[in-house]
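The structure appears right after this line, and notes come after that.
Residue numbers (UniProt numbering): 1 to 408.
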């Protein structure tokens, strides 16, 4: 495992990345060693510190073994687990959760759980987003009303499930301020026969997301695809949003359908669960990742733009078929671990190759009307400079004042 939770500038073990980075599929463990969830957890990056009770951390897990007589307890924050490869049997203090690729599971701070490989699964991989000092919750739907996006009725909760073997030695692995410590006990931690309350683990199938988008003209901000959000101390900016991008209809009229090239202040981490995904190159594959730093230009590329320009009629069409991409968007600046920068061995920090825009036609600087307009602007600017020059020349200004005085 590679665990790091102190994402402060004074920590020499974490560093910034270039404006863009991309990872190929994160490596799965080989068969020579059995790696369970405790040992297969790797921190990629984050911001803040659990002791400050505000922050976020990104992880991947890559495992080939089940946790045997071993339970995990995260005392730092809430885990949002997203399975990418391989089914998981998750045993929690509140009951069992069966997690499949394309589903997410939230396990709150302090809940003990055990992760086992599902039937017939040899290896599993996925992503985890942890928040400190906040909790994952549904976004405010605002004008959408009471329904849409991730509907409450589609979230599933475990029923109480007591362990078959209550006696026996168990190891409890606690994550406390980003460090592991182990406790031993002579009975199962999963001895609960009933529960009631409203802070319990749950799961959600991302294919049930009821997407909303522009049905007349123009684009809707990607935040409309928010599945869950975690609030920050700033009431106007969330700590993190967990977003979904999957199959849907695209129907806006008189609109260039592709997302426009843009910059924004958010840190964005994308991951493809299956299909082709929404990355900037062929390196963006299921099991990998992509990062855009705050204020980094990003968006579509020239080939797709040129193809879209050829479309004369804006007919309704299905997009993103057969694929699912997730995104974690945060208002925080991310720092990255040695595992993410070097250790995983799959990172590409070259960013976007400028040549991807070479085939995009220049329809402005070579346009005759645009040239005439720019020429006129240049002439007007030169004339204005000539008129204003006297106000910056003390001798000329004094002569002008004297001539006015003598004339009076």
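Using N, Cα and C, we set each Cβ at its ideal position, and we do this for glycine too.
Beta-carbon proximity check, residue i vs residue j, cutoff 7 Å
i, j, result
"residue 212", "residue 276", "no"
"residue 40", "residue 61", "yes"
"residue 28", "residue 112", "no"
"residue 26", "residue 63", "no"
"residue 48", "residue 54", "yes"
"residue 267", "residue 294", "yes"
"residue 88", "residue 115", "yes"
"residue 100", "residue 273", "no"
"residue 243", "residue 220", "no"
"residue 210", "residue 148", "yes"
"residue 17", "residue 336", "yes"
"residue 23", "residue 289", "yes"
"residue 177", "residue 264", "no"
"residue 245", "residue 278", "yes"
"residue 91", "residue 155", "no"
"residue 192", "residue 93", "yes"
Enclosing alpha helix (DSSP H) for residue i [first to last residue]
i, result
"residue 373", "368-388"
Contact set for residue i: own chain, Cβ-Cβ below 7 Å, skip 5 residues either direction
i, result
"residue 74", "109 and 175"
"residue 230", "131, 134, 135, 136, 238, 239 and 240"
"residue 157", "200 and 202"
"residue 334", "45, 46, 47 and 267"
Cβ neighbours of residue i in the same chain (closer than 6 Å, five flanking residues each side left out)
i, result
"residue 130", "57, 77 and 79"
"residue 386", "none"
"residue 105", "81, 97, 99 and 203"
"residue 349", "18 and 21"
"residue 321", "247"
"residue 1", "39 and 41"
DSSP-derived helix/strand/coil call for residue i
i, result
"residue 258", "coil"
"residue 135", "coil"
"residue 24", "coil"
"residue 243", "strand"
"residue 143", "helix"
"residue 406", "helix"
"residue 67", "coil"
"residue 398", "helix"
"residue 171", "strand"
"residue 342", "helix"
"residue 231", "strand"
"residue 223", "helix"
"residue 353", "coil"
"residue 307", "helix"
Contacts around residue i, its chain only, beta-carbon distance under 8 Å, and the 5 residues preceding and following it disregarded
i, result
"residue 35", "29, 62, 63, 64 and 65"
"residue 194", "160"
"residue 253", "216, 217 and 314"
"residue 151", "208 and 210"
"residue 69", "168, 169, 170 and 171"
"residue 363", "none"
Boundaries of the beta strand (DSSP E) in which residue i is found, first to last residue
i, result
"residue 160", "Premise fails: residue 160 is in no beta strand (DSSP E) and is neither H nor E."
"residue 164", "Unbroken run through residue 164: none, as it is neither H nor E."
"residue 181", "179-187"
"residue 272", "267-274"
"residue 106", "103-107"
"residue 203", "202-205"
"residue 43", "41-49"
"residue 61", "54-63"
"residue 249", "248-250"
"residue 91", "88-92"
"residue 82", "78-85"
"residue 153", "No beta strand (DSSP E) contains residue 153, which DSSP labels as neither H nor E."
Residue i burial status per 10 Å Cβ neighbour count (16 or more: buried)
i, result
"residue 432", "Residue 432 is absent from the structure shown; the chain starts at 1 and stops at 408."
"residue 232", "buried"
"residue 309", "exposed"
"residue 391", "exposed"
"residue 182", "exposed"
"residue 86", "buried"
"residue 188", "buried"
"residue 325", "buried"
"residue 32", "exposed"
"residue 365", "exposed"
"residue 410", "Because the chain here runs from 1 to 408, residue 410 falls outside it and cannot be looked at."
"residue 42", "buried"
"residue 384", "exposed"
"residue 287", "buried"
Residue i beta carbon near the ligand PLP (any heavy atom closer than 6 Å)
i, result
"residue 175", "Judged by which ligands are present, the structure shown has none, so any question about the ligand PLP falls away."
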